[in-house]
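K.L.:
Chains as they are written, first to last, in my numbering: chain A, 31 to 144; chain B, 166 to 279.
1) Output yes or no for whether 9 Å exceeds the beta carbon distance between residue 211 (chain B) and residue 200 (chain B).
2) In angstroms with no decimal places, state the Cα-to-Cα distance between residue 65 (chain A) and residue 79 (chain A).
3) Check the Cβ-Cβ distances between residue 209 (chain B) and every residue of chain A, and say whether any is below 9 Å.
4) Which residue's Cα is closest to the Cα of residue 239 (chain B): B:266, B:174, B:189?
5) Using a Cβ cut-off of 7 Å, which residues of the stretch 67-101 of chain A contact any Cβ in chain B, in chain order?
6) Determine the chain B residues that contact residue 124 (chain A) at a beta-carbon separation under 7 Å, and present them in chain order.
7) Check the DSSP bridge columns for residue 215 (chain B) and list the partner residues they point to.
8) Could you tell me whether the stretch 247-257 of chain B touches the stretch 167-187 of chain B, using the rule of 3 or more Cβ pairs below 8 Å?
9) What's the gap between the Cα of residue 344 (chain B) and the Cα of residue 85 (chain A)?
10) Have a look at residue 52 (chain A) and residue 219 (chain B) and give me their C-alpha separation to the nearest angstrom.
11) Along the stretch 173-197 of chain B, what residues have a CB closer than 7 Å to any CB found in chain A?
12) So that I know if they touch, is there some Cβ in chain A lying closer than 9 Å to that of residue 258 (chain B)?
13) Are there 16 or more other CB atoms within 10 angstroms of the CB of residue 142 (chain A), so buried, or fewer, so exposed?
14) Leaving aside the five residues before and after residue 102 (chain A) along the sequence, list all residues of the same chain whose C-beta is less than 6 Å from its C-beta, in chain order.
15) First and last residue of the beta strand (DSSP E) that includes residue 35 (chain A)?
16) Under the assumption that residue 258 (chain B) contacts residue 130 (chain A) (Cβ atoms under 8 Å), give the Cβ distance between them as a whole number of angstroms.
17) Going straight from the alpha carbon of residue 116 (chain A) to that of residue 271 (chain B), what length do you get?
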């Protein structure tokens, strides 16, 4: 069966520090991968998605970036964090070769910026 | 464009009460529809899905029927439990999309009291 892992589960970082959140998927090949952010008590905001290695699409301009160095690895980064980057970050995957399929989510990373 | 509208919460019910969370959508083509559940501090879990008109998705006592004539996918449960307290998201997958992009509603918080 397929599983998705995100780490760390929680992170407290000072303003201006760098960020690296990692997401890996097991049990499937060539997945679509996604990064979302969820502000406290709010809905989901799609940040990035990827349909293949090195292919990244950005949905919202911001100081975050994403990379996909391997087929089942998706990394969210920032060079200098802002207070507004606080939130709950969720990684998700879906099957590449079939349309109208659900996305499957990891357990998330709660990021607090001080 | 595509959109999903959910009833605003929080919805507060007593244990064993009947639950309805309304969801309506606007979409071109023939989307698939999904309900996700998010328990406190966790990621989203796929609760149920329906891929064509009149399909009924069901899981864990929850049901939703894909009504194309009313563009609705209301979530129902006959008898809620305290453990059902969570945020529920309705979502659709665009009909002609190999990236399996989802459009989410804003989420509805359900609180079940003993």
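By construction, the Cβ of each residue, glycine as well, lies at the ideal position given by its N, Cα and C atoms.
P.N.:
Let me spell this out:
1) With contacts defined by Cβ atoms closer than 9 Å, residue 211 (chain B) and residue 200 (chain B) form a contacting pair.
2) Within the model, the alpha-carbon separation for residue 65 (chain A) versus residue 79 (chain A) is close to 6 Å.
3) Yes, because at least one Cβ of chain A sits closer than 9 Å to the Cβ of residue 209 (chain B).
4) Residue B:189 is the option with its Cα nearest to residue 239 (chain B).
5) Going along the stretch 67-101 of chain A in chain order, one finds 73, 74, 79, 81 with a Cβ nearer than 7 Å to chain B.
6) Residues of chain B whose Cβ lies closer than 7 Å to the Cβ of residue 124 (chain A) are, in chain order, 265.
7) Under DSSP, residue 215 (chain B) takes part in a beta bridge, and its partners are B:198.
8) Enough Cβ pairs lie closer than 8 Å, so yes.
9) Given a span of 166 to 279 for chain B in the structure shown, any question on residue 344 (chain B) remains unanswerable.
10) Roughly 39 Å between the two C-alpha positions.
11) The residues in question are 196, 197.
12) By this cut-off, residue 258 (chain B) is an interface position.
13) Exposed, by the Cβ-count rule.
14) Within the same chain, residue 102 (chain A) has close Cβ partners 54, 55.
15) Counting along the chain, the beta strand (DSSP E) containing residue 35 (chain A) begins and ends at 33-37.
16) Between residue 258 (chain B) and residue 130 (chain A), the beta carbon gap of about 4 Å places them in contact (Cβ cut-off 8 Å).
17) Computed Cα separation, rounded: 19 Å.
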